[in-house]
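Notes follow the structure.
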Amino acid sequence: MSAIITAATVLRDPMSHYPNLLEPLDLGFTRLKNRVLMGSMHTGLEDKAKDFPRLAAYFAERAKGNVGLIVTGGFAPNIAGWLTPFGSTLMGRWQLPRHRLVTDAVHQHDGKICLQILHSGRYGYHPLVVSASAIKSPITPFKPKALSVKGVYRQIDAYVRCARLAQKAGYDGVEVMGSEGYFINQFLVERTNKRNDEFGGDYSNRMRLPVEIVKRIRQACGENFIIIYRLSMLDLVPRGSSWDEVIQLGKAIEAAGATLINSGIGWHEARMPTILTPVPRAAFTEVTNRFRQHVNIPVIAVNRINTPEIAEQVLASGQADMVSMARPMLADPQFVNKARAGKPDSINTCIACNQACLDHTFTKQTASCLVNPQACHETILTIEPAKQVKSIAVVGAGPAGLAAATCAAERGHRVTLFEGSSEIGGQFNLAKRIPGKEEFHETIRYYRVRLEETGVDVQLNTRADAGMLNQFDEIILASGVTPRVLNIPGIDHHKVVDYMDCINQKREIGEKVAIIGAGGIGFDVAEFLLHAGHSNSLDPQDYFRYWGVDLDQRGGVENTKPAPGKPARQIWMLQRKTTKPGKGLGKTSGWVHRATLKMGKVKMLTGVAYQKIDEHGLHIHIDQQDQLLEVDNVVVCAGQLSVTELLEPLEAAGKPVHVIGGALLAAEIDAKRAIKEGTEIAAAL
Ligand code: NAP
Ligand code: SF4
28 MSAIITAATV LRDPMSHYPN LLEPLDLGFT RLKNRVLMGS MHTGLEDKAK DFPRLAAYFA
88 ERAKGNVGLI VTGGFAPNIA GWLTPFGSTL MGRWQLPRHR LVTDAVHQHD GKICLQILHS
148 GRYGYHPLVV SASAIKSPIT PFKPKALSVK GVYRQIDAYV RCARLAQKAG YDGVEVMGSE
208 GYFINQFLVE RTNKRNDEFG GDYSNRMRLP VEIVKRIRQA CGENFIIIYR LSMLDLVPRG
268 SSWDEVIQLG KAIEAAGATL INSGIGWHEA RMPTILTPVP RAAFTEVTNR FRQHVNIPVI
328 AVNRINTPEI AEQVLASGQA DMVSMARPML ADPQFVNKAR AGKPDSINTC IACNQACLDH
388 TFTKQTASCL VNPQACHETI LTIEPAKQVK SIAVVGAGPA GLAAATCAAE RGHRVTLFEG
448 SSEIGGQFNL AKRIPGKEEF HETIRYYRVR LEETGVDVQL NTRADAGMLN QFDEIILASG
508 VTPRVLNIPG IDHHKVVDYM DCINQKREIG EKVAIIGAGG IGFDVAEFLL HAGHSNSLDP
568 QDYFRYWGVD LDQRGGVENT KPAPGKPARQ IWMLQRKTTK PGKGLGKTSG WVHRATLKMG
628 KVKMLTGVAY QKIDEHGLHI HIDQQDQLLE VDNVVVCAGQ LSVTELLEPL EAAGKPVHVI
688 GGALLAAEID AKRAIKEGTE IAAAL
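The sequence shown maps to residues 28 to 712 in the numbering used here.
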């Protein structure tokens with residue numbers, strides 16, 4: 028298949044653009060081919076032996092993509108360290124054959140891979156949890172048992188056994204997970220460690236656990252084995268580690284024999300987002316930079332690094348020696364190869380939405396990626412050259428249509444994409460305007476380049492009709508949705524605005540606003556109106572101020588307060604149901620959206636009946652009383668209806684029509700489903 032890349036997308040000399048990113052890293056006994064670490068991500072495939080062939084295929088794809096070093100998802104060294112009952116472990120020789128599938132697959136493509144050893148401590152979702160002290164975490168239901176001194180040494184032995192087994196299985200090294208609030212972190216800080224024996228009290232005692240683990244792994248596994256230590260540099264919880272303690276630990280871990288130190292940012296119980304899309308790119312690399320000056324081994328920067336340009340900046344400015352990218356490698360396994368080829372605009376960028384990766388992991392589904400449904404499904408969703416070339420019409424250039432058109436064209440079909448408006452992107456053109464969702468620009472850019480590369484005939488400003496579509500062998504209807512129009516007296520009043528006009532700024536919006544509907548779009552509109560054009564997701568300093576982060580304070584949050592500033596508008600958000608507003612939002616993002624609206628003093632009203640809209644505002648009935656919300660505008664975010672008017676005439680003409688995305692199901696328009704359906708149908712034609 029010929030790839031058409033515009034001059035604008037091609038960098039003439041990639042090495043001159045990413046010289047630091049693509050530079051090998053010499054670790055003495057071994058050499059990494061570049062500075063990209065694929066960070067640890069639990070995919071769910073680690074938990075069952077039968078899924079290891081899939082896990083191997085997933086890693087092989089990233090090794091083929093020339094990632095410098097891969098780290099697996101977390102494996103517990105024993106049952107007490109389980110994340111979930113019967114979750115991933117490496118604790119016995121009987122488990123070695125399945126791991127060899129993984130290491131062989133990676134080595135076959137000249138890659139390198141480390142196994143992450145993760146002991147959950149009190150974060151485990153099972154009754155056998157252990158920790159430094161018997162203090163339950165605020166985010167899990169089980170109170171841990173406090174370990175005896177002997178018990179602590181048994182855990183250390185388990186780490187060492189796990190590392191030895193990893194070495195036997197062919198891993199190039201291990202990463203010891205010492206951050207995000209897991210077992211090791213629980214020993215480091217007084218918040219969770221109330222002991223007064225050799226593992227409690229003074230900091231030198233509290234840090235004994237990780238230092239012993241690293242020292243003993245080095246002794247057991249020899250010099251030619253990579254040991255990465257993931258060190259919690261900024262806990263983002265009260266009574267976390269002070270900066271002096273972080274440095275003291277870093278030096279001791281280096282002396283104990285670690286090869287690399289990876290950065291850890293924020294415990295899981297931290298009450299602010301650390302990787303989600305509203306977090307500015309590379310927001311935390313300054314923390315790594317400060318740390319790096321105190322040790323002599325290479326240090327890795329993490330969190331919200333998602334483009335080669337950002338990664339290069341972090342390395343070029345001397346903030347770190349390597350960059351960790353976990354989710355970006357789900358989104359595009361060819362990230363490094365594309366950067367090397369000087370085609371950064373061809374990269375399918377991770378938009379940090381968490382919708383198909385972490386949200387899946389936390390709801391016990393296999394992880395994947397919203398923008399790349401093949402992730403973790405490499406052996407299930409395959410894209411092969413078409414056996415018979417067909418002419419295919421795709422109607423609608425939203426996420427579903429874009430995925431279908433580019434995938435079908437990649438397979439060799441002749442594809443025409445019809446779009447009624449003047450731009451591609453569909454609902455993503457709304458999302459990209461929401462403060463904190465700027466990353467959606469990248470997905471539209473990716474598809475724009477992909478359409479060119481795959482040679483799709485794009486017909487903008489063209490409303491396809493049944494007559495035009497008759498000539499095609501197959502028709503994919505991705506014609507999307509239209510906002511639901513409500514049947515409330517006064518719905519035609521000039522105060523009423525639909526969400527599209529609001530976000531597209533086609534109407535002036537006053538200072539007092541009622542939003543009808545508290546679903547995903549209602550939350551987006553509230554966010555849009557609160558910030559009045561200013562987004563704290565673009566500048567780390569704004570973000571730190573907003574959430575109350577001060578790098579000079581213990582844990583980054585001791586004695587600090589969020590400072591969200593004065594909201595641009597007074598907002599009421601309403602729904603008829605009595606359930607929690609935003610109940611359907613993502614597991615890892617819903618709480619962030621609710622927190623930001625709370626900080627913006629948005630009033631949430633549930634169990635509302637709408638009566639009428641007039642000059643005075645929105646009249647509602649709530650708590651058995653009539654109430655008037657004296658608002659300047661009412662923005663309607665009450666869901667959508669599918670646009671399918673072409674379906675009937677096409678079916679009547681006997682054409683093969685495939686309906687996908689919002690056109691198929693408006694009740695749950697969802698970019699993840701849309702892109703997956705588009706890719707699946709195109710892969711099958
Ligand atoms: P939605 O999530 O289904 O919410 C629609 C809202 O409108 C509900 O609050 C509903 O509440 C209300 N509503 C429905 N029918 C109504 C009627 N006849 N009269 C008055 N109110 C009515 O739809 P959405 O907000 O448009 O979002 C659509 C999809 O986009 C969602 O499924 C979501 O997956 C996706 N999305 C997600 C995000 C995200 O952050 N993850 C952001 C944007 C969009 P009551 O019925 O209780 O009144
Ligand atoms: Fe990134 Fe979203 Fe894909 Fe996760 S699902 S890898 S956050 S784009």
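All residues carry an ideal CB built from backbone N, CA and C; glycine is no exception. Note that the structure is predicted; figures quoted are calculated from it, not measured.
CA-to-CA, the gap between Pro80 and Val306 works out to about 35 Å. Here Arg125 has Ala76 and Phe79 as same chain residues with Cβ atoms under 8 Å from its own Cβ, once five neighbours each way along the sequence are excluded. Distance from the CA atom of Arg331 to the CA atom of Cys141, rounded to whole angstroms, is 22 Å. Contact between Arg621 and Gly609 holds, with the beta-carbon distance rounding to 6 Å and staying under 8 Å. Going by beta carbons, Arg120 and Glu202 fall outside the 7 Å limit.
Around the beta carbon of Leu578, a 10 Å sphere encloses fewer than 16 other beta carbons of the protein chains shown; the residue is thus reported as exposed. For the set Val670, Lys639 and Gln667, the Cα lying nearest the Cα of Leu656 is the one of Lys639. Going by beta carbons, Pro683 and Glu501 fall inside the 7 Å limit. Taking all protein chains in view, the Cβ of Ser158 is crowded by 16 or more other Cβ atoms within 10 Å, so the residue is classified as buried. Val422 carries a strand assignment under DSSP once its states are collapsed to helix, strand and coil. Beta-bridge annotation (DSSP): Tyr637 is paired with Ile647. When the alpha-carbon of Arg235 is set against those of Arg472, Arg218, Gln213 and Ala247, the nearest one is in Gln213. Phe311 sits close to Ile292, with the two beta carbons spaced by under 7 Å. If you check the C-beta of Ile548 against the ligand NAP, you find a heavy atom less than 6 Å away. Around the beta carbon of Arg58, fewer than 16 other beta carbons lie within 10 angstroms, which makes this residue exposed.
In this structure, DSSP gives Trp121 a helical state, which the three-state scheme calls helix. Remark: the C-beta of Gly613 is in contact range of the ligand NAP, defined as less than 6 Å to any heavy atom. Here Phe571 carries a helix assignment [DSSP, helix/strand/coil]. Per DSSP, the beta bridge partners of Tyr256 are Val203 and Ile288. For Ile543, the beta-bridge partners assigned by DSSP are Leu601 and Val663. Counting only the Cα atoms, Phe210 lies some 35 Å from Ile407. For Gln486, the enclosing beta strand (DSSP E) begins and ends at Asp484 to Gln486. Secondary structure of Arg58 (DSSP, three-state): strand. According to DSSP, residue pairing for Glu501 in a beta bridge involves Ile419. Sixteen is the threshold: when 16 or more other Cβ atoms of the shown chains lie within 10 Å of the Cβ of Thr167, as they do, the residue is buried.
A distance filter of 6 Å between CB atoms and the heavy atoms of the ligand SF4 selects the following residues in sequence order: Arg354, Leu357, Ala358, Cys377, Ile378, Ala379, Cys380, Asn381, Gln382, Ala383, Cys384, Cys396, Leu397 and Val398.
In this structure, the straight-line span from the alpha carbon of Gly546 to that of Glu411 is close to 38 Å.
Here Lys139 is actually not in contact with Asn93; their C-beta atoms are around 11 Å apart, not less than 8 Å.
Positions of the beta strand (DSSP E) runs, each at least 3 residues long and wholly inside the stretch 435-523, are given as 441-445, 484-486, 501-504 and 508-510 in order along the chain. No Cβ-Cβ contact shorter than 7 Å links Gly205 with Pro154. For His295, no alpha helix (DSSP H) run applies, since DSSP gives it neither H nor E. Your pair Asp359 and Asn375 checks out as a contact, with CB atoms roughly 4 Å apart and the cut at 8 Å. Just so you know, the alpha carbons of Asp492 and Pro510 end up roughly 21 Å apart. Taking all protein chains shown into account, Ala309 has 16 or more neighbouring C-beta atoms within 10 Å of its C-beta and is therefore buried.
Annotated as distal: Val508 and Tyr526, with beta-carbon spacing of 7 Å or more. Residue range Val684 to Val686 is occupied by the beta strand (DSSP E) that includes His685, with no alpha helix (DSSP H) assigned at that position.
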